[in-house]
Amino acid sequence: MNNSIPHAALRSTHRPRVAVHKFSSCDGCQLAFLNLGEPLLALAETVDILHFAEAGPIDEDAVVDIAFVEGSVATSKDAARLKQIRENSRYVITIGACATAGGIQALRNMHDSGEWIAGIYAQPEYLDLLPESRPIASIIKVDLELWGCPVNGEQVLGVTKALLTGHLPRVDHSAVCMECKRQNVVCVMVSQGKPCMGPVTQTGCGAICPKMQRDCYACYGPAVQANVSALSTYFAATGMPAREVAQRLLFINSQTEPFTSVGIHWQNKTSAAPNTNPGINPKTSLGAEQ
Amino acid sequence: MSDLRTGEIHVPILARVEGEGALDIRIRDGHIDELHLRIFEPPRLFEKLLEGRPVQDVIDSVARICGICPVAYQMSAVAAIESIFNFTPTPWVQAMRRVMYCGEWIQSHSLHVHLLAAPDFLGFNSAPAMAKQFPLEVRRGLRLQGIGNDIIRTFGGRSVHPVGVRPGGFFRAPDAAAMATLRQKIHESLNEARDLIVWVATLPIPEDDQDFTSVSLRQNGEYPITGGRIVSDRGLDIAIEEYEQHFREFQVPYSTALHALLDDQPYLVGPLARLNNNYAYLPADLRQLIEATGIRFPSRNMFHSILARAIEIYYALSESLRLTENYDARTTPYVEPVQCAGIGYGCTEAPRGILWHRYALDEQGHVLNAQIVPPTSQNQARMEEDLKTSLTRFGLDQPDDALRLHGEMVIRNYDPCISCATHFLDFRAARQ
């Protein structure tokens, strides 16, 4: 990826223009802006926020320097909207698991989503919903993807500041384990036998789960060079049922490799040889919790 | 375009609400004969994706229904799960869950009052625009929002999709130093919250009394947050397990959010309904402060919702202080429940109103099926009824822009969280 901005667009005569677009999501990543506090007002003084429906300004078709996109592709109209956003924006940055990997709602991609819809809605024909929830990059070119469910203020401010000073930021894709070491957090897998996803999950969250004495559940997506198959084999060797191993991988970021293929591998083991006790009895998990 | 008998208004996406939607109005002979609040946020099918999942996954998943009120979802879910396990959390856990929930009320209400609602009353299109003329007020709001986030973060590691809640309690108890710092911040913010109530009471609030049913929880002589019975100001008083016998959810063709009715009538949930039903349970000093504003509760004016939120911010701050007064960090943060199969219900007061969950679990503690009724779904029928009345009173011959703005203000009184239900406002009025 080219780390410099060829055109001095962001340093040109007009103030930098920013848009925040929403697709299928919980709105939690937009809160990374709305929860900034004082820096939000400073940001509003530095850039022109032309479209950010939840915060007030609405101009869906605004031509901008930076477009942040939250949410996944979920309806028949999303592709056309995204193509317009791409055309109108110098940089497209996805924020969060939905925009970057399809989100938790992409679990439907692995099921008969028609049957799911019929299970909730009496009249599915009223709904415009694609059978699969897909990441933004499946439709348009994305310049930078910010992982996390949700992304936090430091991530979005970091990107904005970097772009304003004329370069794409370097995102740390190393594992949560690295963050635990940096913060002197005692490893919950080594010391308590918890089935932590930290070894294969990228950092950015601040290792909040291990700090909370619990195992990471991979909401920031796969780390660089994650050896997912080794970790999952280890989980199984400690007695975790195949079904539970699969569920560890197929959760918030189910539609991203290597989580998808390794997850399906364990899921197939579940259906091939149904475990008589596929539960989450703590005794079959890594270590008892008490 | 402002001719009463013919014409059409088309305004894209409603601003300052959480999610996507639109409003269609058909006016015939000076009367609204059809009004549809359309919500078109694509459904994400949470109730189905929970099937087969273990209970901790339920708590971590349902948070993702709403970035603004994840704690509410986690609390209704954990209450339902623990009821299946016949488990009663320790008094410490119950108290600290209430504190964490207060954090979400403070965060969500502060965000709504300052970033979403107040700009309407003062004629701005956004909070940053309002901040130029009202810098102290906007900054105060952002600070209060920050305190709410701090409380959630103390118990959950982060304020959006926190990770601290588990069946039986919390993964970890906040340490004494963190709690001392937090209490200091809360203590210092009380005066600001008091000033906020006074300020909100002086906003130019429209007069628009209407007849409606207020539905909320009632919780053992306390202001309701984490549980209780479902009550109305018209005599309803039921256990949460009886919800389905009185409330009916159904689909309408123009909305992805299900509608709900109480005995076939629209009803209100949320801060104003809570306050209307539970005013007596507020501390005496707060009631005095409210009475000094000259505004009386119960109120039938939905525009008083912004004041109800300011009041609840103050309440939640003082309640957090009260509950953490003798905070002991050496406590056991959770007790492991014994899992079993069964059906359980959870209902708590989300910032936007009662949030009802029902789960069936198998012997291994995996979800067999799930049902979730968010507050915005429940308010949809009431919002439509309100819009019909208030837009008619406002004057259907008003210019389109004025009608649209008034309609948006009415809708924002409900602080609809369309991500739960599902986002807004494409406004169309057809005049015939």
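These protein sequence lines are chains A and B, in that order. Each step along the first sequence adds one to the number in my numbering, with nothing skipped, and position 67 is 67. Take any residue in the second sequence, note its place counting from 1, add 1000, and you have its number in my numbering. Glycine residues also receive a C-beta, built at the ideal position from the N, C-alpha and C atoms.
In whole angstroms, what separates the C-alpha of residue i from that of residue j?
i: C1417/B; j: P1351/B; result: 10 Å
i: D1400/B; j: I1205/B; result: 21 Å
i: R243/A; j: N268/A; result: 9 Å
i: D93/A; j: R170/A; result: Looking at the sequence shown, residue 93/A is not Asp but Ile. Looking at the two C-alpha atoms, the distance is approximately 13 Å.
i: C219/A; j: D1285/B; result: 44 Å
i: I1238/B; j: R1229/B; result: 6 Å
i: M1179/B; j: K194/A; result: 27 Å
i: A1273/B; j: G37/A; result: 29 Å
i: H1366/B; j: P1054/B; result: 5 Å
i: R1143/B; j: F1134/B; result: 14 Å
i: S1216/B; j: L1405/B; result: 29 Å
i: M1409/B; j: A44/A; result: 24 Å
i: L34/A; j: L40/A; result: 7 Å
i: V69/A; j: F23/A; result: 7 Å
i: D1208/B; j: R1296/B; result: 14 Å
i: M1/A; j: A1201/B; result: Only weak support exists for where M1/A lies, its pLDDT of 41 falling under 50; the coordinates are left without a value.
i: A62/A; j: C216/A; result: 39 Å
Quick one: residues in its chain with C-beta nearer than 6 Å to the C-beta of residue i, no 5 flanking neighbours on either side, listed in chain order?
i: S229/A; result: V262
i: M189/A; result: C196
i: F1171/B; result: G1164
i: P135/A; result: T100, A101, G102
i: L1111/B; result: Q1145
i: Q291/A; result: Outside the modelled stretch of chain A, which goes from 1 to 290, sits residue 291/A, for which no answer is possible.
i: I252/A; result: A97, I104, C149, C219
Use the C-beta contact count for residue i: other C-beta atoms within 10 angstroms, 16 or more gives buried, fewer gives exposed.
i: S76/A; result: exposed
i: F1250/B; result: exposed
i: A19/A; result: buried
i: P1043/B; result: buried
i: G254/A; result: Looking at the sequence itself, residue 254/A is Ser, so the reference to Gly does not match. Burial call: buried.
i: T1256/B; result: buried
i: K161/A; result: exposed
i: N1413/B; result: buried
i: K211/A; result: buried
i: P6/A; result: Because P6/A sits at a pLDDT of 42, beneath the cut-off of 50, its placement in the model cannot be relied upon, and the point is left open.
i: D112/A; result: exposed
i: G1294/B; result: exposed
i: R214/A; result: buried
In this structure, does DSSP put residue i in helix, strand or coil?
i: R1322/B; result: helix
i: S254/A; result: coil
i: S1108/B; result: helix
i: Q183/A; result: coil
i: T1348/B; result: strand
i: A8/A; result: For A8/A, the predicted model reports a pLDDT of 41, less than 50, meaning its position is unreliable; a value from the coordinates is still stated below. Residue state, collapsed to three classes: helix.
i: K1048/B; result: helix
i: M129/A; result: According to the sequence as given, residue 129/A is Leu; it is not Met. Note: L129/A maps to coil in three-state DSSP.
i: C1102/B; result: helix
i: A53/A; result: coil
i: G206/A; result: coil
i: H1423/B; result: The predicted model places H1423/B with a pLDDT of 30, which falls under 50 and marks its position as unreliable, so this point remains unresolved.
i: S89/A; result: strand
i: N35/A; result: coil
i: T1226/B; result: coil
i: L1396/B; result: coil
Using a Cβ-Cβ cutoff of less than 7 Å, which residues in the same chain neighbour residue i once the five nearest sequence positions on both sides are dropped?
i: Q1265/B; result: T1213
i: D1150/B; result: L1182, K1185
i: A1131/B; result: V1138
i: C180/A; result: C187, G198, A207, P210
i: R15/A; result: V47, D48
i: G1342/B; result: I1084, L1361
Identify, in the order they occur along the chain, each residue of the same chain with its Cβ nearer than 8 Å to the Cβ of residue i, setting aside the five sequence neighbours on each side.
i: T1226/B; result: M1075, A1079, Q1094, R1097, R1098, Y1101, Q1219, T1348, E1349
i: N281/A; result: Bear in mind that a pLDDT of 36 at N281/A, under 50, signals an unreliable position, so the model cannot answer this.
i: V64/A; result: R17, V18, A19, L50, H51, N88, S89, R90
i: Q1245/B; result: I1238
At a Cβ threshold of 8 Å, is residue i touching chain D?
i: T1256/B; result: As a matter of chain content, chain D is missing from the structure shown, whose protein chains are A and B.
Mind checking whether the beta-carbon of residue i lies closer than 7 Å to any heavy atom of the ligand MN?
i: R81/A; result: Here there are no bound small molecules, and the ligand MN is not part of this structure.
Segment contact, 8 Å Cβ cut-off, at least three pairs: the region 1021-1032 of chain B with the region 69-89 of chain A: no
The region 114-123 of chain A touching the region 152-163 of chain A, judged by at least three CB pairs closer than 8 Å: no
The region 1310-1323 of chain B touching the region 1074-1083 of chain B, judged by at least three CB pairs closer than 8 Å: no
The region 1370-1378 of chain B contacting the region 1119-1134 of chain B, beta-carbon criterion three pairs below 8 Å: no
At least three beta-carbon pairs within less than 8 Å, the region 1035-1053 of chain B to the region 1133-1140 of chain B: no
Contact the region 94-108 of chain A vs the region 42-56 of chain A: 3+ CB pairs below 8 Å: no
Three or more C-beta pairs below 8 Å linking the region 1079-1089 of chain B and the region 1332-1340 of chain B: Yes, the region 1079-1089 of chain B is in contact with the region 1332-1340 of chain B.
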